[in-house]
Amino acid sequence: MEGIILPRLAAGFDPIPPHFKAGHIDAAISTRDKNGNWSRARAYLDSYLTAGGGDVAVIPIEGTMSRFGYCGMGNEFLTQVIQEAAEEPAVKSIVIKGHSPGGTVDSVEMLADAIKYFPKPTVGYVNGMAASACVFAMSQCDQIVMENSSSSEIGSIGVLMVYINQSEALKQAGYEVTIFRAGESVDKARINAVEPLTPELKAEIQQDLDAAMNVFKGYVRRGRAGQLRSDEVFSGKMYKKSKALSLGLVDKTGSLSDAIKLARKL
Numbered sequence: 002m003e004g005i006i007l008p009r010l011a012a013g014f015d016p017i018p019p020h021f022k023a024g025h026i027d028a029a030i031s032t033r034d035k036n037g038n039w040s041r042a043r044a045y046l047d048s049y050l051t052a053g054g055g056d057v058a059v060i061p062i063e064g065t066m067s068r069f070g071y072c073g074m075g076n077e078f079l080t081q082v083i084q085e086a087a088e089e090p091a092v093k094s095i096v097i098k099g100h101s102p103g104g105t106v107d108s109v110e111m112l113a114d115a116i117k118y119f120p121k122p123t124v125g126y127v128n129g130m131a132a133s134a135c136v137f138a139m140s141q142c143d144q145i146v147m148e149n150s151s152s153s154e155i156g157s158i159g160v161l162m163v164y165i166n167q168s169e170a171l172k173q174a175g176y177e178v179t180i181f182r183a184g185e186s187v188d189k190a191r192i193n194a195v196e197p198l199t200p201e202l203k204a205e206i207q208q209d210l211d212a213a214m215n216v217f218k219g220y221v222r223r224g225r226a227g228q229l230r231s232d233e234v235f236s237g238k239m240y241k242k243s244k245a246l247s248l249g250l251v252d253k254t255g256s257l258s259d260a261i262k263l264a265r266k267l
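Count the sequence shown with the working numbering and you get residues 2 to 267, in order.
Listed below in structure tokens is the structure:
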């Protein structure tokens, strides 16, 4: 978007082109939920239902995943859409179409549970790439279809955190940073970019990462019960279609149309 927004700002125009706004579903929400209230989630569900032929809702997980969304839908909103689908008689099943590198740990359990306990058939579709948090959620589907392409990948089942100590770079740039804390706030923002990590903090981070990984593994094992053939999948590696099939990460390969047909059959 940088190449679109910055030139428009420099020219004194609205940063978002009018046709972008007009073409976005949020620009003309005219749908009410079962209680008669205007519903953004309901409007999106209608669009997803149309994409699936009127009886299957194709719900996308796209871009980096987080609670409220970075460049895609937030996990909370996707959960609302799935809940709308659960109560809508026209929806006979759903396809979770995933193309995402994953995202934050926060709220992914909520989305995964919404899929797991959806009262109608669910099919996951790996739309090119499904990694990390996307697999966390999609693994809860009844069956998973992977795009039949040489570039399709699934995996990255793992948890990590990146820490960058910028203190030396700041020093070379002529900055000397001092952090002041209130007397009782000894643990305030101890993980930052200018103070070194103490052994205690490193141990705490490792403990949190291991705990999150245990939850991740538990969900994938639950969702793919009887299908997983090796704990190799928990190394964090990405897998192409043949290996993904042999390890039990997916059930078959095909197109989005195949996934919709499978959901309709189920």
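For every residue, glycine included, the Cβ atom is placed at its ideal position computed from N, Cα and C.
Taking a contact as a CB-CB distance under 8 Å, the pair T254 and N128 does not count as one, their CB atoms being some 12 Å apart. V187 is positioned such that its CB atom lies no closer than 8 Å to that of L171.
Rounded to the nearest angstrom, the Cβ distance from I60 to I95 is 6 Å, consistent with a contact under 8 Å. About 19 Å separates the CB atoms of Y240 and Q141; that is not less than 8 Å, and the two are not in contact. Under the three-state reduction of DSSP output, T123 falls in the strand class. Remark: three or more beta-carbon pairs, one from each stretch, lie closer than 8 Å, so the stretch 40-48 and the stretch 63-82 are flagged as touching.
When DSSP assignments are scanned along the stretch 153-241, the uninterrupted stretches of beta strand (DSSP E) that are 3 or more residues long and fall wholly within it turn out to be 154-156. Put simply, the backbone Cα of G224 is about 24 Å away from that of G70. DSSP, reduced to helix, strand and coil, places T254 within a strand of the structure shown. Between K98 and V57, the gap from beta carbon to beta carbon reaches 8 Å or more.
L50 is classed as buried because its beta carbon has at least 16 other beta carbons within 10 Å across all chains shown. Residue pairing by DSSP places E89 opposite no residue, since no beta bridge is assigned to it.
Non-local beta-carbon contacts of L210 in its own chain, meaning distances under 8 Å to residues more than five positions away in sequence, involve V160, L161 and M162 in chain order. Under the 10 Å beta carbon count, M74 is surrounded by 16 or more other beta carbons and is classified as buried.
It is roughly 26 Å from the alpha-carbon of A132 to the alpha-carbon of A87. The DSSP-derived three-state label of Q141 is coil. Scanning its chain for C-beta atoms nearer than 7 Å, with the 5 sequence neighbours on each side dropped, one finds around L46 the residues A58, V82, E85, A86 and E89, in chain order.
When DSSP states are grouped into helix, strand and coil, V96 belongs to the strand group. I60 is bridged by DSSP to I97.
With 16 or more other Cβ atoms inside 10 Å of its own Cβ, S153 counts as buried.
Taking C-alpha positions only, P102 is separated from I180 by approximately 35 Å. CA-CA distance, M214 to G13, rounds to 48 Å.
In the three-state scheme derived from DSSP, where H, G and I count as helix and E and B as strand, G70 is classed as coil. Around the Cβ of T199, a 10 Å sphere holds fewer than 16 other Cβ atoms; the residue is exposed.
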